[in-house]
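Some notes on the structure that comes next.
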Amino acid sequence: MGILTNRFSPITRRRLAAFKANRRAYISLWLFGVLFILSLFAELIANDKPIVMQYEGNWYVPLLVDYPETEFDGFLPTRTDYLDPFIQQQISEHGWALWPIIPFSYQTLDMQMTRPSPAPPDARHWLGTDDQGRDVLARVIYGFRLSVAFALVLTAGSLVMGVLIGGIQGYFGGKVDLIGQRFTEIWSGLPVLFLLIILASFVQPGFWWLLGIMLLFSWLGLVDIVRAEFLRARNLEYVRAAKAMGLPSRLIMWRHVLPNAMVATLTFIPFLFTGAIGTLTALDFLGFGLPPGAPSLGELAAQGKNNLHAPWLGITAFMTLAIMLSLLVFIGEGLRDAFDPRHIHSVQPDQDKEQAHA
């Protein structure tokens with residue numbers, strides 16, 4: 001870690017030290033990173049297929065390959081249901097199988113349940129089942145990964161569009177800024193939720209469809225920040241000197257103005273990330289989000305509302321969203337403090353401390 005930080009500039013090392021000094025933000029970053037990395041391997045944690053198995057001396061990888069039921073002495077040449085008691089008996093008698101920790105995927109219907117759905121938590125389903133007999137914990141794991149992936153792509157796209165449009169407005173000013181401001185004012189006044197509801201009646205909502213629609217509006221929150229930074233920086237002496245030397249505008253914006261503008265922009269990213277997750281959850285809760293059957297935290301919250309006699313559904317959805325959004329807010333606060341000059345000058349990096357002691 002020390003070798004990597006030695007390559008950073010002194011101001012960057014102070015910002016890293018300031019972020020690390022905020023224990024709540026630092027721990028939240030680690031927790032969120034660990035949870036997200038684990039969710040990337042959701043198929044190895046929660047799945048209705050064995051990871052690897054051996055049957056009659058032959059090796060199989062059901063996690064990657066769909067084998068017909070006849071491969072295991074079944075009756076139909078259809079995809080194997082490894083939760084079928086007959087298939088499980090065949091595997092136990094003629095080989096073995098390595099199962100994930102949770103033997104259910106987000107869309108698996110447990111046909112061996114002895115209680116009506118939604119069923120409360122037990123040894124078979126640690127967080128119970130929803131009203132369709134699907135494992136709640138498996139849907140939480142897949143839903144967490146889907147929500148974070150959606151927010152990551154949306155935040156990255158919003159960052160590119162917001163910085164591009166705000167930078168052009170702020171750097172050139174004049175009529176470009178005037179026209180851009182009027183456009184953003186009109187565009188921000190459009191009712192996003194109503195547009196999504198109307199469009200949902202024409203096309204089937206999906207991951208990329210929702211992402212494209214939300215990307216048309218999510219960049220608006222960054223434009224004002226980037227525009228203000230470019231307006232301030234374009235009149236500074238080093239920018240004027242670059243113009244006098246004949247450096248093209250695109251290089252001045254990229255090399256000299258953008259790095260300073262990104263300081264204020266980076267502190268806004270975690271809150272934009274949180275807003276993306278909240279919007280997706282709200283749309284799923286209202287029924288205008290991801291298609292039916294998708295692992296959605298909003299859909300789980302809607303099930304909790306519709307099944308008040310099954311409190312584990314609402315509690316699980318609330319705790320998952322509360323923990324996820326709280327970690328992101330704490331990370332955002334840490335970034336804000338790390339880029340605040342009042343904080344970074346009061347924190348001394350570890351390398352500077354070692355040189356002071358030496």
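Sequential numbering of the sequence shown, starting at 1, is according to the UniProt record's numbering. Think of the CB as a built atom: it goes at the ideal place given N, C-alpha and C, for glycine as much as any other residue.
Neighbourhood of residue i by C-beta distance below 6 angstroms, restricted to the same chain and skipping five residues each side
| i | result |
| --- | --- |
| residue 70 | 77 |
| residue 301 | 285, 317 |
| residue 110 | 133 |
| residue 101 | 45 |
| residue 20 | 26 |
| residue 314 | 304 |
Contacting residues, own chain, Cβ-Cβ under 7 angstroms from residue i (five flanking each side not counted)
| i | result |
| --- | --- |
| residue 154 | 211, 214, 215, 218, 276 |
| residue 141 | 39, 42, 45, 46 |
| residue 330 | 24, 25, 28 |
| residue 4 | Confidence at residue 4 is low in this model, with a pLDDT of 47, below 50, so the placement of that residue is unreliable and no value is reported for it. |
| residue 81 | 87 |
| residue 205 | 288, 289, 290, 291 |
| residue 295 | 106, 139, 142, 143, 146 |
| residue 89 | none |
| residue 9 | none |
| residue 197 | 288 |
| residue 293 | 107 |
Residue i and residue j closer than 9 angstroms at C-beta
| i | j | result |
| --- | --- | --- |
| residue 32 | residue 327 | yes |
| residue 83 | residue 112 | yes |
| residue 251 | residue 242 | yes |
| residue 15 | residue 339 | yes |
| residue 108 | residue 48 | yes |
| residue 310 | residue 122 | no |
| residue 162 | residue 225 | yes |
| residue 227 | residue 170 | yes |
| residue 159 | residue 265 | yes |
| residue 263 | residue 229 | yes |
| residue 333 | residue 22 | yes |
| residue 359 | residue 91 | What is shown of the chain runs 1 to 358, which leaves residue 359 out entirely. |
Supposed close pair residue i, residue j - CB separation, criterion 8 angstroms
| i | j | result |
| --- | --- | --- |
| residue 307 | residue 118 | 6 angstroms |
| residue 233 | residue 257 | 5 angstroms |
| residue 335 | residue 270 | 6 angstroms |
| residue 395 | residue 35 | No statement about residue 395 is possible, as the shown extent of the chain runs from 1 to 358 and does not include it. |
| residue 189 | residue 165 | Their Cβ separation, rounded to whole angstroms, is 17 angstroms, which puts residue 189 and residue 165 out of contact at 8 angstroms. |
| residue 337 | residue 18 | 6 angstroms |
Residue i versus the options, residue with shortest Cα-Cα distance
| i | options | result |
| --- | --- | --- |
| residue 272 | 100, 220, 108 | 220 |
| residue 359 | 333, 309, 299, 305 | In the structure as shown, the chain starts at 1 and stops at 358, and residue 359 therefore has no counterpart that could be examined. |
| residue 61 | 167, 94, 99 | 99 |
| residue 167 | 238, 296, 222 | 222 |
| residue 278 | 247, 320, 29 | 320 |
| residue 303 | 170, 139, 198 | 139 |
| residue 325 | 12, 246, 151, 247 | 151 |
| residue 208 | 172, 183, 157 | 157 |
| residue 192 | 283, 239, 248, 245 | 283 |
| residue 93 | 105, 56, 206, 267 | 56 |
| residue 254 | 96, 239, 245 | 239 |
| residue 235 | 89, 10, 186, 172 | 172 |
| residue 149 | 124, 274, 13 | 274 |
Beta-carbon proximity list for residue i, same chain, < 8 angstroms, skipping 5 on both sides
| i | result |
| --- | --- |
| residue 86 | 74 |
| residue 129 | 110, 113, 117, 118, 119, 135, 136 |
| residue 127 | 121, 135, 136, 137, 140, 312, 316 |
| residue 176 | 168, 169 |
| residue 79 | 66, 67, 68, 69 |
| residue 30 | none |
According to DSSP, residues forming a beta bridge with residue i
| i | result |
| --- | --- |
| residue 302 | Partner(s): none; residue 302 has no beta bridge. |
| residue 312 | Answer is none; residue 312 lacks a bridge partner. |
| residue 257 | Residue 257 is not bridged to any residue. |
| residue 129 | 135 |
| residue 52 | 98 |
| residue 307 | DSSP, once it has assigned bridges, lists no residue as partnering residue 307. |
| residue 58 | 55 |
| residue 79 | 68 |
| residue 264 | Paired residue(s): none; residue 264 is not in a bridge. |
| residue 46 | 102 |
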